[in-house]
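Notes for the one structure printed next.
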Amino acid sequence: MTSPTNTDSPSGLAYAVTAYFLWGFLPLYLKLVEHVPAVEVVAHRVIWSVPIAGLVLILLRRTRDLRDALRSPKMLAMAAMTAALISINWAIYVWAISIDRTVDAALGYYVNPLFSVLMGAVLLGERPNRLQIIALFLAAIAVVILFIATPRPPWIAMGLMVSWGFYAYFKKSLPIGPNQGFMLEVLILSVPSILYLIWLGPEGKFLSSAYDTWILMGCGIVTAVPLLFYANGAKRLRLSTIAILQYIAPTMIFLVAVFAFGEEVDPARQIAFPLIWAALVIYSVPLVRQMRRA
């Protein structure tokens, strides 16, 4: 069992940056399975992540920690919570890309750091400083604009923001190593995933063609590898550092959506995105100063 650290390490920085870059390119892969229902894609992401995560534990000789966790009802309950949150996040994300709403997905991950500040104030009693309050106010204005001035309110962005925000919150406090924690999550999710695929039977896309079979199996690699990098990075970095680094992924997702997928940014989003970016700059200034002092 391990506990989260309150200091930054070079290895943690390398793990986290790698994870965010891989997530930035993930929409390109998920676009290949846009013809597959989102729930089915999530089921395969779970199932094919199990052997990869298991192999990592075997190579690191950490299987005993996993066995201990499986015997702990409290640990299983906490892991079930994070597993449920990450599965919801995956489903929304896959669905958003399949219906050409990748820009909304990017928006959700942009707003997430500010949502984390709000969570800290509400759940942990943390008092945001003046700049953080200004950032939250700008983000709130952007969200209001999106709900009022667009024909499609940003429910996708809000769903991704809330599910990932709470996942990161509970994941940080999960008292188990990052690799063991991920393995525990996918093991828990593998039960409903297998049952769902059995229920689908021949109507499922798996084995319907060589292309679908290989591309769905590959979902395990593109799912497990970034999450394992992220989990290891989160344990070795401060929460504020993680918050700064996570801007990498939505920036890349936004660029992919506009330049690779050709998605349009409507007038409301042309106003909202600059407000979000301004809020993130204001929010980041004290964090960067704090990191330099540290």
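Heads up: the sequence shown is residues 1 to 294, going by this note's numbering.
From the three backbone atoms N, C-alpha and C, an ideal C-beta is built for every residue, glycine too.
How is residue i classed by DSSP in three states: helix, strand or coil?
i, result
"M1", "Low per-residue confidence applies at M1: pLDDT is 44, beneath 50, and the placement is therefore not dependable enough to give any value."
"I198", "helix"
"Y20", "helix"
"S9", "coil"
"S116", "helix"
"W48", "coil"
"E203", "helix"
"F261", "coil"
"S190", "helix"
"L76", "helix"
"Q246", "coil"
"V36", "coil"
"E185", "helix"
"I97", "helix"
"P154", "coil"
"R130", "helix"
"R67", "helix"
"M177", "It should be noted that the sequence gives Gly, not Met, for residue 177. Note: G177 maps to coil in three-state DSSP."
"S208", "coil"
"L228", "helix"
"A159", "The sequence given here has Gly at residue 159, not Ala. Helix."
Taking the beta carbon of residue i as the centre, do at least 16 other beta carbons fall within 10 Å, making it buried, or is it exposed?
i, result
"A210", "exposed"
"V122", "exposed"
"Q132", "buried"
"F259", "exposed"
"S163", "buried"
"T63", "exposed"
"M158", "buried"
"V36", "buried"
"M252", "buried"
"V117", "buried"
Do residue i and residue j have their C-beta atoms within less than 7 Å of each other?
i, j, result
"T102", "A224", "no"
"G177", "D68", "no"
"E40", "G204", "yes"
"A249", "G24", "yes"
"A38", "V94", "yes"
"V309", "Y20", "Examination of residue 309 is not possible in this model, given that the chain is present from 1 through 294 alone."
"S190", "I88", "no"
"D104", "P154", "yes"
"I271", "I148", "no"
"L184", "A79", "yes"
Cα separation between residue i and residue j?
i, j, result
"R130", "Y283", "10 Å"
"M1", "F182", "Note that M1 scores 44 on pLDDT, short of 50, meaning its location in the model is unreliable and no value can be drawn from it."
"R110", "Y247", "The sequence given here places Tyr at residue 110; Arg does not occur at that position. Cα to Cα, Y110 sits roughly 7 Å from Y247."
"G125", "L76", "27 Å"
"S9", "R269", "37 Å"
"V42", "I141", "33 Å"
"P226", "R127", "32 Å"
"S49", "L228", "10 Å"
"A234", "L13", "9 Å"
"A279", "L138", "6 Å"
"V285", "I276", "14 Å"
"G120", "L55", "36 Å"
Assuming residue i and residue j form a contact by the criterion Cβ under 8 Å, report the distance between their Cβ atoms to the nearest whole angstrom.
i, j, result
"I97", "K31", "6 Å"
"L85", "Y167", "4 Å"
"F170", "T82", "5 Å"
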